[in-house]
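The structure appears right after this line, and notes come after that.
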Amino acid sequence: MALLGTVFVPTARAAEMTEKEKAMANPYPNDFGPETLPADVLKAYPASIQAGYKKLLSNKGGCAQCHSAARPLNSRFVEPEGGIDVAKQDAWIAKIKKEQPELFQDATIWQIETKLWSRYVKRMMNKPGCNLQKADAKSIYEFLSYDSVKRKTGANAAKWAAHRKGLIEQLKTKNPKRYEELKESKDL
């Protein structure tokens, strides 16, 4: 038997499981959210950012080949404005700490770090069987970093907090063992 999160799976079956099956066997709060953005939100994004969103949703060469698109779309991750320039990202963090200190009080709602989405996209790219090409990864990264600031901070912060709390509550209700596991490891 192999242990996948809190789900026991016969070893032979665990080896056969797709990345998507493994992801769904070990859900995060994010997985209980929508798998697409509202049309009005997406429409307000620049064309290049919309292109990254479309790549993220793709089952061929996008995030959805290995897990539900809900996982990144409903993530607590926020990568600061500033592109790949760490000094600009640090300046954005300093500014937002003054303007919205509540964004730093609950890491289950907002996890704000420099290069956060950059690290995760690179990690996903390096997973066995991932068909994510470098140009597509860059486009997805640009979407995720842009979207995380636009939908989760500023005027949208309270709406995001309510949404995220609802997702955590759904995980707690539907999969209490997984909730406790993630809570203990500070990974909600």
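If you read the sequence shown in the working numbering, its first letter stands for residue 207, the second for the next number, and so on. For every residue, glycine included, the Cβ atom is placed at its ideal position computed from N, Cα and C.
Within the stretch 264–305, the complete alpha helix (DSSP H) segments of 4 residues or longer fall at 276–279 and 292–305, listed in chain order.
Put simply, the backbone Cα of K303 is about 25 Å away from that of V327. When only Cα atoms are considered, N265 and E227 end up about 14 Å apart. Where S391 is concerned, there is no enclosing alpha helix (DSSP H), because DSSP gives it neither an H nor an E. A straight-line Cα-Cα distance of about 8 Å links C336 and C272. Nearest to K344 by C-alpha distance, out of Q295, Q311, E375 and K260, is K260.
In the assembly as shown, K358 is a buried residue. Its beta-carbon has 16 or more other beta-carbons within 10 Å.
Where E348 is concerned, the enclosing alpha helix (DSSP H) starts and stops at K340 to K358.
With fewer than 16 other Cβ atoms from the protein chains shown falling within 10 Å of its own Cβ, S254 counts as exposed. Using a C-beta cut-off of 8 Å, the stretch 305–315 makes contact with the stretch 359–374, since at least three inter-stretch Cβ pairs fall below that distance. In the DSSP assignment, the residues bridged to Q317 are F283. In the assembly as shown, D291 is an exposed residue. Its beta-carbon has fewer than 16 other beta-carbons within 10 Å. In the three-state reduction of the DSSP assignment, G258 falls in the helix class, which pools H, G and I.
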